[in-house]
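Below is one structure, written out as structure tokens; comments come after it.
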Amino acid sequence: MSFLNGIAGLSLTAVVLSAQMVLADTPNGTVAERQQRRVETIAGIAPSVVCVMPPGGQGGGSGVLISADGYAISNYHVTSGSGDFMKCGLNDGKLYDAVIVGIDPTGDIALIKLLGRDDFPFCTPGDSDRVRAGDEVLALGNPFLLAADFTPTVTYGIVSGVHRYQYPAGTFLEYTDCIQIDASINPGNSGGPLFDIDGRWIGINGRASFEKRGRINSGAAYAISVRQILLFIDHLKSGRIVDHGRTDFTVGTAADGLVEVQEVSEISEAWRRGLRPGDELVAFGDRALTSANDFKTILGIFPAGIRVPLTYRNRDGVHSSTVRLLPLHGFDAAPQLPEERKPKKRPDDPDQEPDERPGSPHAEEAPAIPEQYAHLFKEKKSFANYYFNELHRDRLLNPLQDSLVSSESNKTATWSISWKSPNSGTVGELIVGAEGAGLLTGKNNWYQPIQDQHPSNEAADLWGLLSASLQWNRLFQQDLDLFSEVIYVGAESLVPSGRLVETVFIQDGAIESRWYFSGGSPLPVGVDVVMSAGQDEARIRFDDWQDTTIPSPSRIGIVDVDTEQVRWLTVDAFDVKPRAVRDNTGGREATSQ
Amino acid sequence: MAVVCVSTLWLPTATVTAESVADAEYPPVRAGQQVVVKLFGAGVGTLDSYGSGVLISKNGHVLTVWNHLVNTGFLRAVVPDGRRFRISVVGTNLEHDVAILKLATHEDETFDFIDWKTTVDVLPGDSVLAFSNMFHVATGNEPVSVVHGVVACTVPLNAGLGRWTFPVKSPVYVLDAITNNSGAAGGLLTSASGEPIGMLGREIRHRDTDMWVNYAVPLQILQPAIAAILDGRRFESTPSMDDDKSVLSDRQLTAGFGITLLPSIVETTPAYIDRIITDSVADAAGLRRGDLVLIVGDDVVRSTSDLRKRLSGFRRGQPITVTVNRNGKLEAIVLRAP
Numbered sequence: 009m010s011f012l013n014g015i016a017g018l019s020l021t022a023v024v025l026s027a028q029m030v031l032a033d034t035p036n037g038t039v040a041e042r043q044q045r046r047v048e049t050i051a052g053i054a055p056s057v058v059c060v061m062p063p064g065g066q067g068g069g070s071g072v073l074i075s076a077d078g079y080a081i082s083n084y085h086v087t088s089g090s091g092d093f094m095k096c097g098l099n100d101g102k103l104y105d106a107v108i109v110g111i112d113p114t115g116d117i118a119l120i121k122l123l124g125r126d127d128f129p130f131c132t133p134g135d136s137d138r139v140r141a142g143d144e145v146l147a148l149g150n151p152f153l154l155a156a157d158f159t160p161t162v163t164y165g166i167v168s169g170v171h172r173y174q175y176p177a178g179t180f181l182e183y184t185d186c187i188q189i190d191a192s193i194n195p196g197n198s199g200g201p202l203f204d205i206d207g208r209w210i211g212i213n214g215r216a217s218f219e220k221r222g223r224i225n226s227g228a229a230y231a232i233s234v235r236q237i238l239l240f241i242d243h244l245k246s247g248r249i250v251d252h253g254r255t256d257f258t259v260g261t262a263a264d265g266l267v268e269v270q271e272v273s274e275i276s277e278a279w280r281r282g283l284r285p286g287d288e289l290v291a292f293g294d295r296a297l298t299s300a301n302d303f304k305t306i307l308g309i310f311p312a313g314i315r316v317p318l319t320y321r322n323r324d325g326v327h328s329s330t331v332r333l334l335p336l337h338g339f340d341a342a343p344q345l346p347e348e349r350k351p352k353k354r355p356d357d358p359d360q361e362p363d364e365r366p367g368s369p370h371a372e373e374a375p376a377i378p379e380q381y382a383h384l385f386k387e388k389k390s391f392a393n394y395y396f397n398e399l400h401r402d403r404l405l406n407p408l409q410d411s412l413v414s415s416e417s418n419k420t421a422t423w424s425i426s427w428k429s430p431n432s433g434t435v436g437e438l439i440v441g442a443e444g445a446g447l448l449t450g451k452n453n454w455y456q457p458i459q460d461q462h463p464s465n466e467a468a469d470l471w472g473l474l475s476a477s478l479q480w481n482r483l484f485q486q487d488l489d490l491f492s493e494v495i496y497v498g499a500e501s502l503v504p505s506g507r508l509v510e511t512v513f514i515q516d517g518a519i520e521s522r523w524y525f526s527g528g529s530p531l532p533v534g535v536d537v538v539m540s541a542g543q544d545e546a547r548i549r550f551d552d553w554q555d556t557t558i559p560s561p562s563r564i565g566i567v568d569v570d571t572e573q574v575r576w577l578t579v580d581a582f583d584v585k586p587r588a589v590r591d592n593t594g595g596r597e598a599t600s601q
Numbered sequence: 071m072a073v074v075c076v077s078t079l080w081l082p083t084a085t086v087t088a089e090s091v092a093d094a095e096y097p098p099v100r101a102g103q104q105v106v107v108k109l110f111g112a113g114v115g116t117l118d119s120y121g122s123g124v125l126i127s128k129n130g131h132v133l134t135v136w137n138h139l140v141n142t143g144f145l146r147a148v149v150p151d152g153r154r155f156r157i158s159v160v161g162t163n164l165e166h167d168v169a170i171l172k173l174a175t176h177e178d179e180t181f182d183f184i185d186w187k188t189t190v191d192v193l194p195g196d197s198v199l200a201f202s203n204m205f206h207v208a209t210g211n212e213p214v215s216v217v218h219g220v221v222a223c224t225v226p227l228n229a230g231l232g233r234w235t236f237p238v239k240s241p242v243y244v245l246d247a248i249t250n251n252s253g254a255a256g257g258l259l260t261s262a263s264g265e266p267i268g269m270l271g272r273e274i275r276h277r278d279t280d281m282w283v284n285y286a287v288p289l290q291i292l293q294p295a296i297a298a299i300l301d302g303r304r305f306e307s308t309p310s311m312d313d314d315k316s317v318l319s320d321r322q323l324t325a326g327f328g329i330t331l332l333p334s335i336v337e338t339t340p341a342y343i344d345r346i347i348t349d350s351v352a353d354a355a356g357l358r359r360g361d362l363v364l365i366v367g368d369d370v371v372r373s374t375s376d377l378r379k380r381l382s383g384f385r386r387g388q389p390i391t392v393t394v395n396r397n398g399k400l401e402a403i404v405l406r407a408p
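Residue numbers (our numbering), protein chains in the order written: chain A, 9 to 601; chain B, 71 to 408.
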């Protein structure tokens, strides 16, 4: 039909025309100059685009390299069908082996590592929070698995909307705070990068509104924002199945348009911070809220277990606090995808027909884990690849183990830590040993036994110090094997300082603690300890470690859970005594209240 | 003791680039998003329960398509700032497939709106922006979706959905952007610089190709109908816009004779019979799909419009002799005029 030919003929020129006219108010230049710039941009970003395929070579999707050592991001729904090892093609025409590192099933993100080079080309992330409707974008990937030589297909479009929320597909694949685009996105584009017109990476294309036309572009596709991905990358490097967060309160939009707290669990941290039904939630995760949808959108970008600031208003005024996000799904194995998201491998599907051209990877014989890389994968419950967790855990904690725990005398030593109160000048003393921790403040004595710990044994004005000190003592003096679990969590921003830290989670019987390390040092900058459910964490910070026999901090801080202020104690003396704690209380029984 | 420092962290703080994206919104995009409302009503069968509309007065008049959403009632609108309103039907127009709605506002409430009386001409190749709440992506105060494209051609459409035929006979803008999506009907088409130029039509397929057509009805065509509805007048189409009364419309031809012809794409589209309605006059007389009508009575028929003109000249019950070419042979068939 001439009618259709007419449309097709015109649309070839459409990209150039609309690029020029949609953004009439940007610094432009001639159409030819803009085209030249675009060509250069694409040449710059295309080398970082990955074609991700299962070892058998049938089906597959896209991805993008984020570092020279081969870390690459793709969609979970792409890698989940590809096994623990996969084949990745780059636009140099070469095929690389890759191993799964970490997965975020809810966010539909997977971190993989390409192997065999330490100089991979990689992309530069932009700030997806500054993307606006109308921005020009470039989507790169391998739609319909067209490129046998792995040269990515480029589609052009504009941003149709930002901060979009897309309900979970099936049971868990939820897109929050995503970028909606009108660039063509088709099967095979999944996991591929979205770039702004200057070539900065702003998202991962993973989903589209497929409807009456079948599974092909509909003009409405969605990219997971780079902001969300960056919040997860360092957690994904831990080899874990990374979960998203949830709160134990709910919100709705009130009649006057405000975001109103609806229900609050009475044993929750939010309740203890004073949040009640009917309060107005003003901000969450450092973003102001204008609707209940905003809340859902923002909550969705955070991993479980991190502490997030919130601001609420009640009749007494505006209050700011932080809450730790609970796990949303608690996956202990990689979850199954809903049927329709599974990569299709049927040979009778014309779109998936194996390419039989000689030399094509599509025609290659299947699986077999590459022998030289087999050690890079370790299976364990709750992990995508336990190998990477051990790697980071050992990197952080082995120096501590080697220098301290190996010394037999350290294991039985009791610490005496004393300080001056800045106001009254009175001296406080903390005594920590294997069997318990004691606190002498001049007026009252406190004692927390290692067995049968109880929050009521803590001094109100130095709350949690004893429990946290016991964990500190154990970390410095005990073999890691004696803990129930030691897991490298990933990197996050420490509250309240905002300091960038790496987190190690330690389960010690019923006690859970999260240790924070900075700059690769094995000496912690803080620890948050959960003594029992329904109780506030003991949140202790350490500052300025001294190189004594047993390293000691110059300052110990206690975070006030209500005000988020740190109360610092300046350490006068740190003594190591080979004696039991009760002997150090001068023969008196430490009182416990 | 040894302190190792090998970690490379990559968190958002590390990603701030020296050259930041300009924190600007594009005025044409912003303007379009400020005047498109989200409509919610009752779905029917596979038809959606949501749609789009364009504010055309500061008091809250909304232009949209006259589809099932309008007909089934229970209509609600969410304006761009998130306020929700009940909405009533001011008037409708069949030939242009439009409806004008009115938000149930308080007296002092005002809205951004388009000046529907002023529009610009766009030509094939011109860039356009289309705004709608396709796929119901935006809720509350979230801005509606915007897609970009060019006008591919300006042509009359022979299109419809099932038995419903797209009634607009004048040329419409066919677009290379995908606008034929759930909930997009009633959305706004603007030029690249933001001037309103049309309304996204409802989801239809082209009768020839069965393809979903991405199109918008030019505001120019809608203007008389909008004016009439706002004035409370019944809108009568002008002869130049519609076929003249001496010709049987496709609808009359189908309802009366039980014949559908090939769509009249060119002036001399041959009068092939595309479809015969079972148990109709044509069916009873023995006409078949694929017959090419050559002569009606004594007059030679050169085109589909020729045939419609001839058939309109008979009184009810009058015998009509029709000569057709069927598989290379001429056959004379007698019909009774319905």
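Note that CB positions come from ideal geometry on N, CA and C, so glycine has one too.
Using a Cβ-Cβ cut-off of 8 Å, Met204(B) counts as an interface residue toward chain A, since at least one Cβ of chain A sits closer than that to its own. For Gln103(B), the closest alpha carbon among the candidates Met204(B), Pro194(B) and Val168(B) is that of Met204(B).
For Asp460(A), the three-state secondary structure derived from DSSP is coil.
In this structure Trp209(A) is buried. Its beta-carbon is surrounded by 16 or more other beta-carbon atoms within 10 angstroms.
According to DSSP, residue pairing for Pro133(A) in a beta bridge involves Trp209(A). Leu125(B) is bridged by DSSP to Val132(B). Restricted to the region 97–181 of chain B, the alpha helix (DSSP H) segments that are unbroken, complete and at least 4 residues in length are 97–103 and 138–142, listed in chain order. At the C-beta level, Leu478(A) and Ile566(A) stay beyond 8 Å of one another. Assigned with DSSP and collapsed to three states, Gln270(A) falls in strand. Annotated three-state conformation of Arg235(A) is helix, per DSSP. Contact between Phe93(A) and Asp105(A) is confirmed by a C-beta separation of about 6 Å, below the 8 Å threshold. Residue burial annotation: Gly115(B) is exposed, with fewer than 16 other C-beta atoms found within 10 angstroms of its C-beta. Counting only Cβ-Cβ distances below 9 Å, Arg215(A) has no contacts in chain B at all, with the closest Cβ about 11 Å away.
Assigned with DSSP and collapsed to three states, Ser373(B) falls in coil, not helix or strand.
Contacts with chain A at 8 Å (Cβ-Cβ) do not include Tyr120(B).
Contact between the region 158–175 of chain B and the region 134–150 of chain B is established, with three or more Cβ pairs separated by less than 8 Å. Interface annotation, Gly130(B): not in contact with chain A, CB-CB separation never under 8 Å.
For Gln461(A), the number of other beta carbons within 10 angstroms of its own is at least 16, and it is reported as buried. Under the 10 Å beta carbon count, Ser540(A) is surrounded by fewer than 16 other beta carbons and is classified as exposed. The three-state secondary structure of Thr511(A), taken from DSSP, is strand. By DSSP's assignment, Arg563(A) forms a beta bridge with Asp551(A) and Thr578(A). Look at the beta carbons and you see the region 125–133 of chain B touching the region 288–304 of chain B: at least three pairs across the two are nearer than 8 Å. In chain order, Ile425, Ser426, Trp427, Ser560, Pro561, Ser562, Arg563 and Ile564 place their CB closer than 8 Å to the CB of Val579(A), counting only its own chain and leaving out the 5 sequence neighbours on each side.
Bounds of the alpha helix (DSSP H) holding Ala278(A) are Glu277 to Arg280.
For Lys187(B), there is no enclosing alpha helix (DSSP H), as DSSP marks it with neither H nor E.
Taking all protein chains in view, the Cβ of Pro285(A) is surrounded by fewer than 16 other Cβ atoms within 10 Å, so the residue is classified as exposed. Under the Cβ criterion (8 Å, minimum of three pairs), the region 298–308 of chain A counts as touching the region 209–223 of chain B. Residue contact with chain B for Asp552(A): absent (no Cβ-Cβ distance below 8 Å to any residue of chain B). Of all alpha-carbon atoms in Gln485(A), Glu398(A) and Asp469(A), the one lying nearest the alpha-carbon of Gln573(A) is that of Asp469(A). No Cβ of chain B is located within less than 8 Å of the beta carbon of Ser505(A).
Within the same chain, and ignoring the five residues on either side of Glu274(A) in sequence, no residue has its Cβ closer than 7 Å to its Cβ. Comparing alpha-carbon positions, the option among Val363(B), Gly387(B) and Arg380(B) lying closest to Leu400(B) turns out to be Val363(B). Straight across, the Cα-Cα distance linking Ala112(B) with Asp204(A) is about 39 Å. Residues of the region 242–262 of chain B with a C-beta atom less than 7 Å from some C-beta of chain A are Val244, Asp246, Ala247, Ile248, Asn251, Ser252 and Ala262, listed in chain order.
The region 491–509 of chain A and the region 239–249 of chain A touch, with no fewer than 3 CB-CB distances between them shorter than 8 Å. What Gly446(A) touches in chain B, judged by beta-carbon distance under 8 Å, is nothing: the nearest beta carbon there is about 27 Å away.
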